[in-house]
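Peer 1: Pasting a structure here, questions to come.
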Amino acid sequence: MSSTVHHFEMISREGFQATDVPRGFHFTKVCDPSVNARFYREVGGDWEWMDRLKWTDEEWASWVEREELETWVAYANGEEAGYVEFERQEGGNVEIVYFGLLPSMIGKSLGGPMLTMAVSRAWDIEGTQRVWLHTCTEDHPHAVSNYERRGFRLFRTEVI
459 MSSTVHHFEM ISREGFQATD VPRGFHFTKV CDPSVNARFY REVGGDWEWM DRLKWTDEEW
519 ASWVEREELE TWVAYANGEE AGYVEFERQE GGNVEIVYFG LLPSMIGKSL GGPMLTMAVS
579 RAWDIEGTQR VWLHTCTEDH PHAVSNYERR GFRLFRTEVI
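This note's numbering puts the last residue of the sequence shown at 618; the count rises by one with no breaks.
Structure below.
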């Protein structure tokens, strides 16, 4: 079975279209490989995220503990809501590597606010010139429209 991967970018903060963030919704930065592993499984479970499922604890630690990576956990009224991984890359690029809500938080109108907080954080990372990400046809059906509403523009599509 093939999948279509959509690559999106935002090349200036001025293109960012924020949405309102509800009271009680916030991010906390973490650096704990077990947190990344748990969120990867829980958030990605319904969307067929598979490339990291067989990672060992050492592989998770190697990924998470790098200086280039930041992980943030979103909370809604004190309850875990989702997570995002940012990777600082050469040339001022910041990739939103993984982004998503926990299954129990889907349908509560939190995707837009969470992406607003994520994009804002990405632009706050020192030296950011471009924020980019990719999504595929197996991800949440509202993912593409959420990215476009926040100001991301499609720059490449590929079938894998």
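Quick reminder that beta carbons are idealized off the backbone N, C-alpha and C, glycines included.
As the structure is a computational prediction, the values presented were derived from the model and not from experiment.
In whole angstroms, give me the CA-to-CA distance for Pro480 and Val531.
Peer 2: About 16 Å.
Peer 1: Looking at C-alpha atoms only, which residue of Gln547, Phe474, Leu568 is the closest neighbour of His600?
Peer 2: When only C-alpha atoms are compared, the closest one is Leu568.
Peer 1: Does DSSP put Glu528 in a helix, a strand or coil?
Peer 2: Residue state, collapsed to three classes: strand.
Peer 1: According to DSSP, is Met575 part of a helix, a strand, or is it coil?
Peer 2: If DSSP states are grouped into helix, strand and coil, Met575 belongs with the helices.
Peer 1: Just reading off the alpha helix (DSSP H) that Phe497 is part of, what are its end residues?
Peer 2: Unbroken alpha helix (DSSP H) run through Phe497: 491-502.
Peer 1: Is Pro491 buried or exposed, if buried means 16 or more other CB atoms sit within 10 Å of its CB?
Peer 2: Under this definition Pro491 is a buried residue.
Peer 1: Decide yes or no for the touch test of the stretch 468-479 against the stretch 520-536: beta carbon pairs closer than 8 Å, at least 3 of them.
Peer 2: With the cut-off at 8 Å, the stretch 468-479 and the stretch 520-536 do not touch.
Peer 1: Taking Glu467 as part of the alpha helix (DSSP H), name the residues at either end of that continuous run.
Peer 2: No alpha helix (DSSP H) contains Glu467, which is instead part of the beta strand (DSSP E) from 462-468.
Peer 1: Shortest alpha-carbon distance to Asp597 belongs to which of Cys489, Gly558, Thr529?
Peer 2: Cα-wise, what sits closest to Asp597 is Gly558.
Peer 1: Restricting to Cα atoms, I'd like to know which of Asn551, Pro561, Ile564, Gly565 is closest to Val577.
Peer 2: Ranking the options by Cα distance to Val577, first place goes to Asn551.
Peer 1: Am I right that Gly570 and Ala534 are in contact with their C-beta atoms under 8 Å? What's the rounded C-beta distance?
Peer 2: Actually they do not touch by this definition, with Cβ atoms about 13 Å apart.
Peer 1: Pick out the complete alpha helix (DSSP H) segments inside the stretch 560-614, 4 residues or longer, and give them in chain order.
Peer 2: If we require 4 residues or more, the alpha helix (DSSP H) runs fully inside the stretch 560-614 come out as 569-582, 601-607.
Peer 1: In the DSSP assignment, what residue or residues form a beta bridge with Ile554?
Peer 2: DSSP lists Phe544, Leu591 as partners of Ile554.
Peer 1: State the CB to CB distance for the pair Ala539 and Met572, rounded to an integer number of angstroms; the pair is presumed to be in contact (CB under 8 Å).
Peer 2: That pair is a contact at about 7 Å.
Peer 1: Could you give the C-beta distance for Val555 and Glu537, rounded to a whole number, given that I count them as a contact under 8 Å?
Peer 2: The pair is not a contact, with the Cβ atoms about 24 Å apart (cut-off 8 Å).
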